[in-house]
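Q:
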Amino acid sequence: LRDTYAFKGDYDNTLVFSKKCIENWMEEFKDNPSQKYLIYRNHYPYQIKAGDISGALSSLDSIQKSLELDGSKIALGDLYMDRARIYSGIGNWQEAVMNYHVADSLFLKSTNIAAVIERQKQLIPLYASALYQNNEYEKSGEQFNRNLELVESCYGTKSMEYSQALCYLANIEGYLDQLDDGAKHYIDSWQIARDITMQDLQMLPSNARGKYWQDINSIMWNMVPYALAAKYRENEFLLSAYEALVFSKGLLLAVEKTTGDKVQSLGNKTLIADFMAVANLRNNIERQRSIGNGAEIMRLYAKMDSLDRILNVNMTTHGISPSIQSVSASAIISSLDKSEAVIDFADFIKKDGTHIYVAFVVKPGIKHPRLIKVFEQSWLDSLLADNNGKYSDLYNDYNYRAMYYIIWKPLMKELKGVRTIY
């Protein structure tokens, strides 16, 4: 009954029957302290879902009574990790750090090397992130360096895991004022991720490509604020950050377009029909997502996933693979006439929650793109609030001056002599 109510999302009744389970279990194992409190393992996740955080922490305290008698360093370390995750979830970073530290110490005392390594893969980046959130940047940097070494030993230096570990380290190096090291690690992270993406996307069905796009984006979203905070004006880092942005923006679209063009040119009616069917299912999924129809999304996704895998095999059989290119900033610059410019917008959210929009401006005759902070989301939100949330009203005769000051005025210094903007 507990699990049935949990499946339905009725957590009030879930907890009612979970407590009944606890009563029965505690009676059954009343003379076995090492087992007596383990039933709370099944209870505290539901307390978290029901919003009873203090109850969940109390349940972990109960589990600890049994685990301390059991003597397993791994099991006890797992408990401290769970406690740390709960504290992280409510933003109590000091408690999270303390519990991650204890978990780490317990794992290191275990003689089960394989289990220790598996736990460290999870724990170290979480521990480092908690230290970062707690403003303990030097200690966070030590843990991110440790994470990089572990990832290298487990996955090698040509892996997405290594790319992500470099990205984490680069970010904290910025806070430690180790700007050159951070910039180098960001560039390395981006180049590794780009090369793996260009290779792997040619072998994946289209619905599996989004994960790679997300990996590229996570790097790009970190490079942009890093460049702003470091006050970089013209250097190779800005070049890489811009190329990462362009690659990210065009990635999935370019893959779908080149694949579609190749399917059409082959003239195989079955392949064309299957390709169009997958595209239509994807569009239908987006329509259902816009109205919040979860059940229909799951049904359509299962259908699309099945058809997409078959399509991918058939395309491979016919020698069709997507063409993926990394567009260089120099190629974009050289394609422009002297009165033209390209503006690429990007955004990121700062540690304090402020949502920032920036723009890369590319013009002929420059070696590196210019990066300019444009506006904060709150400025746009304020203007929207005055217009009942209607985006269309932002462009009427009353608001156009405000929109100019929010979006265009910060860019005008870089747009002198420009007549055409892309």
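If you read the sequence shown in this note's numbering, its first letter stands for residue 127, the second for the next number, and so on. We put the CB at the ideal spot given by N, CA and C, even for glycine.
Rounding to the nearest angstrom, what Cα-Cα distance links S460 and T546 in this structure?
A: Answer to the nearest angstrom: the Cα atoms are 15 Å apart.
Q: Would M430 and I417 be called neighbours here (beta carbons separated by less than 8 Å)?
A: No, Cβ-Cβ distance for M430 and I417 is not below 8 Å.
Q: Are the beta-carbon atoms belonging to E466 and I498 less than 8 Å from one another?
A: No, the pair does not count as a contact, with Cβ atoms beyond the cut-off.
Q: Tell me whether A176 sits in a helix, a strand or coil according to DSSP, three-state version.
A: Correct three-state label for A176: coil.
Q: Three or more C-beta pairs under 8 Å: does that hold for the region 182-198 against the region 222-230?
A: They do not touch, by the three-pair rule.
Q: Report yes if the C-beta distance between L302 and E268 is below 8 Å; otherwise report no.
A: Cβ atoms of L302 and E268: not closer than 8 Å.
Q: Since A455 contacts Y548 with CB under 8 Å, what's their CB separation in whole angstroms?
A: Not confirmed; about 14 Å, so no contact.
Q: Rounding to the nearest angstrom, what Cα-Cα distance links R167 and Q248 in this structure?
A: Going from the Cα of R167 to the Cα of Q248 covers about 19 Å.
Q: I need the straight-line Cα distance from A229 to A472, nearest angstrom please.
A: So the two alpha carbons sit approximately 38 Å from each other.
Q: Once DSSP output is grouped into helix, strand and coil, what is the label at V142?
A: In this structure, V142 counts as helix in the three-state DSSP scheme.
Q: Return the first residue and the last residue of the alpha helix (DSSP H) that V277 is part of.
A: Looking at the DSSP string, the run of the alpha helix (DSSP H) that includes V277 is Y263 to Y281.
Q: Pull up the CB-CB distance for L433 and D400, whole angstroms please, since I reckon it's below 8 Å.
A: So it is a contact: roughly 6 Å between Cβ atoms.
Q: Can you have a look at Y352 and say buried or exposed, based on whether 16 or more other CB atoms are within 10 angstroms of its CB?
A: By the 10 Å Cβ count, Y352 comes out buried.
Q: Quick one: grab the DSSP three-state call for A356.
A: In the structure shown, A356 sits in coil (DSSP, three-state: anything other than H, G, I, E or B).
Q: Please give the ranges of any alpha helix (DSSP H) in the region 453-528, keeping only runs that are unbroken, at least 4 residues long and fully inside the region.
A: The region 453-528 contains these whole alpha helix (DSSP H) runs: 455-460 and 503-511.
Q: Could you tell me which whole alpha helix (DSSP H) segments of length 4 or greater appear in the region 179-261?
A: Listed in chain order, they are 179-196, 199-215, 219-234 and 239-259.
Q: Under DSSP, the alpha helix (DSSP H) around V439 begins and ends at which residues?
A: Segment G420 to T443, the alpha helix (DSSP H) holding V439.
Q: Taking 6 Å as the limit between beta carbons, can you name the residues of its chain near A356, skipping five residues before and five after?
A: The answer, listed in chain order, is L305.
Q: Give the secondary structure of I417 by DSSP, where H, G and I count as helix, E and B as strand, and everything else as coil.
A: Coil at I417, not helix or strand.
Q: Tell me whether the beta-carbon of Y137 lies closer than 8 Å to the beta-carbon of A182.
A: No, these two residues do not count as a Cβ contact at 8 Å.
Q: Taking the alpha-carbon positions, what's the N343 to D478 distance?
A: Roughly 20 Å separates the two Cα atoms.
Q: At which residues does the alpha helix (DSSP H) containing L305 begin and terminate?
A: Where L305 is concerned, the enclosing alpha helix (DSSP H) stretches over L305 to D326.
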